[in-house]
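S.K.: Going by the working numbering, the first sequence opens with residue 2, and the numbers climb by one from there.
Before I ask anything, here is the structure I am working with.
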Amino acid sequence: MSLSLLAKKLEELGKEVQDLEPSMLISAGYDGEKEKAYLKFYNPNSNKIAIWYDNTNHKPYCFSMESIENLSFLKEREDIIDIVREKKFSLLYDKEIEVSKIIAKDPLAIGGSPGQKSVRNIIKAWEADIKYYENYIYDKDLTVGSFYFIKGSKIYPYNFPIPEKVSRNLQSLLANSSEEFKNYILMWATLLNQPIPPLKRISLDIEVLSKETDRIPDPEQANDKVISIGLVGDEVKKLYLLNSEEEKVSIPDVTILSFKDEKDMLEALFLELLEYPMVITFNGDEFDLKYLYHRAKKLGFNKSEIPIYLGRDFAGLKHGVHLDLYKFFSNRSIQIYAFNNRYVEYTLNAVSESILGVSKLELEVPIADLPKQKLAEYCYNDAYITYRLTSYESDLLMKLIIVIARIAKMPIDDVVRLGVSNWIRSLLYFEHRRINALIPNQEELLAKGGASSSAIIKGKKYRGGLVVEPIPGIHFNVAVLDFASLYPSIIKVYNLSYETVRCIHEECRKNLIPESDHWICNKRKGITSLIIGSLRDLRVNHYKRLTKDPSLSREEREFYQVITQALKVILNASYGVMGAEIFPLYCLPVADATAAVGRYIIKKTISKCRELEVEVIYSDTDSIFLRSPSLVQIEAIADWAQRELGVELDLDKNYRYVAMSQRKKNYLGVLVNGTIDVKGLTGKKSHIPPFIREAFYDILTILGNIKTKEDFDMAREDIRRKIREWYKRLISKEIELEKLSFQVMLGKNLDSYRDVTPQHIKAAKLLRKELKAGDIVKYVKTVTPPGVKPIELVKIEEIDTAKYIEYMRSTFEQLLDSLGYEFDEILGVTKLEDFWS
DNA sequence: ATCTGTGGCCACCAGC
DNA sequence: GCTGGTGGCCAC
Numbered sequence: 002m003s004l005s006l007l008a009k010k011l012e013e014l015g016k017e018v019q020d021l022e023p024s025m026l027i028s029a030g031y032d033g034e035k036e037k038a039y040l041k042f043y044n045p046n047s048n049k050i051a052i053w054y055d056n057t058n059h060k061p062y063c064f065s066m067e068s069i070e071n072l073s074f075l076k077e078r079e080d081i082i083d084i085v086r087e088k089k090f091s092l093l094y095d096k097e098i099e100v101s102k103i104i105a106k107d108p109l110a111i112g113g114s115p116g117q118k119s120v121r122n123i124i125k126a127w128e129a130d131i132k133y134y135e136n137y138i139y140d141k142d143l144t145v146g147s148f149y150f151i152k153g154s155k156i157y158p159y160n161f162p163i164p165e166k167v168s169r170n171l172q173s174l175l176a177n178s179s180e181e182f183k184n185y186i187l188m189w190a191t192l193l194n195q196p197i198p199p200l201k202r203i204s205l206d207i208e209v210l211s212k213e214t215d216r217i218p219d220p221e222q223a224n225d226k227v228i229s230i231g232l233v234g235d236e237v238k239k240l241y242l243l244n245s246e247e248e249k250v251s252i253p254d255v256t257i258l259s260f261k262d263e264k265d266m267l268e269a270l271f272l273e274l275l276e277y278p279m280v281i282t283f284n285g286d287e288f289d290l291k292y293l294y295h296r297a298k299k300l301g302f303n304k305s306e307i308p309i310y311l312g313r314d315f316a317g318l319k320h321g322v323h324l325d326l327y328k329f330f331s332n333r334s335i336q337i338y339a340f341n342n343r344y345v346e347y348t349l350n351a352v353s354e355s356i357l358g359v360s361k362l363e364l365e366v367p368i369a370d371l372p373k374q375k376l377a378e379y380c381y382n383d384a385y386i387t388y389r390l391t392s393y394e395s396d397l398l399m400k401l402i403i404v405i406a407r408i409a410k411m412p413i414d415d416v417v418r419l420g421v422s423n424w425i426r427s428l429l430y431f432e433h434r435r436i437n438a439l440i441p442n443q444e445e446l447l448a449k450g451g452a453s454s455s456a457i458i459k460g461k462k463y464r465g466g467l468v469v470e471p472i473p474g475i476h477f478n479v480a481v482l483d484f485a486s487l488y489p490s491i492i493k494v495y496n497l498s499y500e501t502v503r504c505i506h507e508e509c510r511k512n513l514i515p516e517s518d519h520w521i522c523n524k525r526k527g528i529t530s531l532i533i534g535s536l537r538d539l540r541v542n543h544y545k546r547l548t549k550d551p552s553l554s555r556e557e558r559e560f561y562q563v564i565t566q567a568l569k570v571i572l573n574a575s576y577g578v579m580g581a582e583i584f585p586l587y588c589l590p591v592a593d594a595t596a597a598v599g600r601y602i603i604k605k606t607i608s609k610c611r612e613l614e615v616e617v618i619y620s621d622t623d624s625i626f627l628r629s630p631s632l633v634q635i636e637a638i639a640d641w642a643q644r645e646l647g648v649e650l651d652l653d654k655n656y657r658y659v660a661m662s663q664r665k666k667n668y669l670g671v672l673v674n675g676t677i678d679v680k681g682l683t684g685k686k687s688h689i690p691p692f693i694r695e696a697f698y699d700i701l702t703i704l705g706n707i708k709t710k711e712d713f714d715m716a717r718e719d720i721r722r723k724i725r726e727w728y729k730r731l732i733s734k735e736i737e738l739e740k741l742s743f744q745v746m747l748g749k750n751l752d753s754y755r756d757v758t759p760q761h762i763k764a765a766k767l768l769r770k771e772l773k774a775g776d777i778v779k780y781v782k783t784v785t786p787p788g789v790k791p792i793e794l795v796k797i798e799e800i801d802t803a804k805y806i807e808y809m810r811s812t813f814e815q816l817l818d819s820l821g822y823e824f825d826e827i828l829g830v831t832k833l834e835d836f837w838s
């Protein structure tokens with residue numbers, strides 16, 4: 002009976018929104034079934050999503066100019082040329098426009114989503130959509146994450162003013178900026194200061210009754226019954242359970258909904274889902290939602306009765322937004338810059354363990370054999386963890402997603418699924434549209450030429466950062482200075498952008514970029530220089546300060562911390578994408594020039610230090626390590642850098658001492674507060690056996706207590722004792738296998754290894770399990786061929802203890818070498834074997 | 001279908 | 001045994 006209710010409710014979604022209170026635009030796209038573009042608004046008062054459909058029946062197009070000629074409404078090719086010549090659009094790089102090469106872009110797209118479905122032709126828009134423009138605000142006026150209200154058929158922006166306290170802070174930044182940058186800074190600050198309302202959402206996790214134990218059920222087939230569904234939200238704790246035998250099941254505070262019939266259960270679930278504007282899953286695109294969709298079809302549901310729709314690698318909700326956290330956490334930029342590499346593996350268990358400190362429940366038997374009580378607990382727990390990932394630290398993750406959406410001008414469901422190059426593409430495309438500039442195509446960009454430098458590493462396209470040979474030994478009282486966001490600063494200060502590097506003006510050719518053959522335009526400001534430069538300034542000189550502003554509340558400071566993090570992610574990638582072929586605005590001379598200026602700046606700074614008689618112990622890309630500089634000297638260097646180079650050089654940290662090895666990117670430092678900083682040493686790497694890593698960190702604790710030169714002699718004995726302890730544990734084999742396992746990630750799928758067969762691949766092949774890129778293989782070194790075995794198959798007798806001793810030796814040798822100890826000397830023997838015995 | 005960059009170290013592989 | 005190359009992880 003209620004199936005029709007479901008269909009009816011979903012049908013209502015198609016109705017045009019008439020009036021809407023101020024709501025946040027969170028998503029936009031194209032509905033293939035309805036053949037209509039849509040906007041999704043989140044209403045913070047009702048906690049509901051309003052879907053606005055484009056009801057003008059304009060078909061979206063994506064084509065090059067060649068195909069425009071075939072359109073009847075543009076009779077002459079000249080019409081198009083006229084439109085372009087009227088300067089309605091411009092090319093940033095002052096070239097004669099070759100109409101045949103213009104790829105039309107979509108004025109309706111929010112951000113830069115490519116693809117036929119969401120792309121409209123701008124020329125067509127000018128011809129046919131003038132009336133349309135009068136009724137609605139599109140493209141350059143619509144920003145994801147901003148607030149709008151709807152009255153009748155019109156959409157109006159609704160801006161929140163910047164609070165006085167924040168505005169005051171902004172004034173100093175504005176005062177120090179040029180006119181052009183001022184506009185951008187104000188624009189960003191207005192957008193980023195919009196409040197972020199609490200977002201009502203639930204997480205969803207399903208379990209399937211599968212006969213196969215070590216294989217995930219195929220969601221396309223959906224042959225097996227869905228037996229439980231966990232739903233967790235702010236005020237929701239529910240578990241749907243297929244429980245025909247009516248076993249007694251209870252979980253504290255959780256509502257258990259028992260069903261005898263699977264179809265009834267899915268129907269109830271779908272109806273409930275309609276109440277939630279957002280659904281969170283961990284891998285719902287590939288599994289949970291996909292499975293539910295196909296399973297529902299199999300059980301006789303009509304397409305119109307299922308609130309889910311499927312794309313190629315995407316599962317969406319008709320009535321709301323689906324966020325798949327698996328894809329977001331797999332994003333390298335998020336992993337490294339937003340979560341500081343706190344997790345390494347992209348499973349729900351690994352991510353939640355390291356971020357929340359909460360694990361999945363352990364299963365001793367396959368899902369199919371679980372008693373209902375255990376099954377319910379397991380399923381509920383997964384849903385709970387998934388929800389917690391979005392709610393911990395006052396909804397940090399949701400806020401981060403919204404802030405990235407605001408900067409990237411991208412729907413939140415895309416933010417979660419796409420990589421950083423797509424974010425930046427969307428951001429830059431949007432800006433082109435805003436200023437009525439045509440987006441250059443690949444051919445035009447490639448015409449700029451290549452790199453003027455040659456890379457040090459074979460196979461790379463251009464030369465990167467400079468790494469200086471370290472001065473080995475122990476250095477007391479070391480100050481580390483670094484340039485704040487060096488590459489974005491360079492892009493700003495040197496006006497780097499695809500249209501300004503190697504510009505067409507003869508007169509500009511003399512403005513050579515240091516360390517390269519490239520020159521830079523001094524007639525116009527580059528588009529990427531303005532965007533990246535203004536974002537950099539806001540991060541360094543505004544938001545970072547607000548996070549420490551005592552006049553703000555804790556909540557406010559946390560909010561600004563999120564903005565700072567999001568900016569960090571985007572800024573860090575903004576240089577890299579310029580040198581990435583996959584990036585649509587790929588322009589090698591820009592990346593090449595950026596790195597070249599970086600080398601120039603660091604070299605200049607090093608010579609300045611020498612001039613001031615400050616010893617430079619080490620330097621890597623954007624940092625310099627100085628031996629015992631006075632505060633006056635540090636200030637002098639920083640002032641000089643600001644004055645002469647136009648970049649900010651800050652004191653990053655003070656080391657009580659630094660132990661430099663002979664190797665680059667390999668050192669150990671103890672901060673003034675006793676914290677130990679280890680860089681690059683094998684002992685901290687994630688793939689080595691935990692046993693060795695633990696031993697390594699154990700020994701490090703001794704070093705944290707060292708304050709003077711004399712203390713080193715005392716430490717020597719402690720270290721010797723500790724190493725001996727750990728060694729004894731190894732040979733007595735009182736260490737669990739797990740702790741002896743190497744844990745190496747598969748860089749690619751198993752069958753793609755053709756050149757060589759590394760050890761982790763040998764082990765993986767023995768496993769005969771389906772493994773894919775990103776999976777971690779745990780293996781142990783054995784005396785039996787082929788020398789390694791996956792941890793699942795190995796017995797303790799097979800362990801090759803000698804290999805482990807050697808590994809320990811080389812790991813500790815690095816450490817002791819940094820400290821200036823001779824490994825053998827500290828052990829008081831000439832040969833290692835003597836010591837061990 | 002999706003993917004920011006280069007520099008550097010280490011262990012191991014495969015071929016000589 | 002030497003050597004160049006591959007793969008992984010890390011620094012920035």
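Cβ atoms here follow ideal geometry from the backbone N, Cα and C, with glycine treated the same way.
(1) Consult DSSP for Met-279 and reduce its assignment to one of helix, strand or coil.
(2) To the nearest angstrom, how far is it from the Cα of Leu-200 to the Cα of Leu-390?
(3) Buried or exposed, going by whether 16 or more other CB atoms sit within 10 Å of the CB of Ile-732?
(4) If I follow the unbroken alpha helix (DSSP H) through Tyr-619, where does it start and stop?
(5) For the segment 477-487 against the segment 651-666, are there 3 or more C-beta pairs whose distance is under 8 Å?
(6) Pick helix, strand or coil for Asp-325, following the three-state DSSP scheme.
(7) Would you please state the rounded distance, in angstroms, between the beta carbons of Leu-258 and Leu-240? I believe it to be under 8 Å.
(8) Please list the terminal residues of the continuous beta strand (DSSP E) segment that includes Asp-678.
(9) Which whole-angstrom value describes the C-beta separation of Leu-747 and Ala-774, a residue pair presumed to lie in contact below a C-beta threshold of 8 Å?
(10) Does the beta-carbon of Ser-392 have 16 or more other beta-carbons within 10 angstroms, so that it is buried, or is it exposed?
(11) Can you look up Tyr-388 in the DSSP assignment and give me helix, strand or coil?
(12) Would you identify the three-state DSSP class for Glu-165, choosing helix, strand or coil?
(13) Sorted by chain position, which residues of the same chain lie with C-beta nearer than 6 Å to Thr-622's C-beta, five sequence neighbours on each side aside?
(14) Out of Ile-618, Asn-674, Leu-589, point me to the one whose CA is closest to Pro-471's CA.
(15) Three-state secondary structure (DSSP) at Asp-55?
(16) Quick check on DSSP: helix, strand or coil for Glu-208?
(17) One question on the structure: do Val-541 and Ala-485 come within less than 9 Å of each other, judged by their Cβ atoms?
(18) Exposed or buried, Gly-460, counting other C-beta atoms within 10 Å across all chains shown (16 or more means buried)?
(19) For the segment 491-500 against the segment 523-531, do three or more pairs of beta-carbon atoms, one drawn from each stretch, fall closer than 8 Å, so that the two count as touching?
(20) Mapping DSSP to helix, strand and coil, what is Asn-44?
(21) Check Arg-216 in the structure and name its three-state DSSP category.
(22) Alpha carbon to alpha carbon, how far is Arg-503 from Leu-682?
(23) If the criterion is Cβ atoms closer than 9 Å, does the pair Lys-226 and Leu-232 meet it?
(24) Taking the alpha carbon of Tyr-149 as the reference point, which residue from Ser-631, Ser-819, Pro-23, Glu-739 has its own alpha carbon closest?
(25) Please state whether DSSP places Val-1 in a helix, a strand or coil.
(26) State buried or exposed for Leu-16, treating a residue as buried only when at least 16 other CB atoms are found within 10 Å of its CB.
(27) Applying the 10 Å Cβ sphere with the 16-neighbour rule, what's the burial state of Ala-38?
(28) Which same chain residues, not among the five before or five after Pro-473, have their C-beta less than 7 Å away from its C-beta?
(29) Provide the residue span of the beta strand (DSSP E) that contains Asn-194, from first to last.
(30) Whole-angstrom Cβ separation of Pro-278 and Gly-317, contact assumed at under 8 Å?
(31) So the beta strand (DSSP E) Asn-655 belongs to, where does it begin and stop?
(32) So His-323 and Val-280 are in contact, right, with Cβ under 8 Å, and what is the actual spacing, rounded?
(33) By Cβ distance, which residues of its chain are closer than 7 Å to Ser-742, with the 5 residues on each side in sequence left out?
(34) When the Cα of Ile-208 is compared with those of Glu-165, Phe-283, Thr-548, which residue comes out closest?
(35) Assuming contact is defined by CB atoms lying nearer than 9 Å, are Gly-146 and Ala-406 in contact in what I supplied?
(36) By Cβ distance below 8 Å, which residues in the same chain neighbour Gly-705 in space, the five residues on each side in sequence not counted?
M.R.: In short, the structure shows the following:
(1) Assigned with DSSP and collapsed to three states, Met-279 falls in strand.
(2) 14 Å
(3) Classification for Ile-732: exposed.
(4) From DSSP, Tyr-619 is part of no alpha helix (DSSP H) but of the beta strand (DSSP E) over 617-621.
(5) yes
(6) strand
(7) 7 Å
(8) 677-680
(9) Taking 8 Å as the upper bound for CB-CB distance, Leu-747 and Ala-774 are in contact here, some 5 Å apart.
(10) buried
(11) helix
(12) helix
(13) Gly-466
(14) Ile-618
(15) Of the three classes helix, strand and coil, the one that applies to Asp-55 here is coil, per DSSP.
(16) strand
(17) yes
(18) exposed
(19) In short, these stretches touch, since the Cβ pair count reaches three.
(20) strand
(21) coil
(22) 41 Å
(23) It is not a contact, given that the beta carbons lie outside the stated cut-off.
(24) Pro-23
(25) With the chain covering 2 to 838 only, the question about residue 1 has no answer from this structure.
(26) The identity of residue 16 in the sequence shown is Lys, whereas the question assumes Leu. Flag for Lys-16 reads exposed.
(27) When all chains shown are included, Ala-38 counts as buried.
(28) Met-661, Ser-662, Gln-663
(29) Counting along the chain, Asn-194 falls outside any beta strand (DSSP E), and DSSP gives it neither H nor E.
(30) So it is not a contact: roughly 13 Å between Cβ atoms.
(31) Asn-655 -> beta strand (DSSP E) spans 650-661.
(32) 5 Å
(33) For Ser-742, the CB contacts under 7 Å within the same chain, skipping 5 residues up- and downstream, are Pro-690, Lys-779, Tyr-780, Val-781, Ile-792 in chain order.
(34) Before going further, note that residue 208 is Glu rather than Ile in the sequence given. The candidate whose alpha carbon is nearest that of Glu-208 is Phe-283.
(35) yes
(36) Val-671, Gly-675, Thr-676, Ile-677
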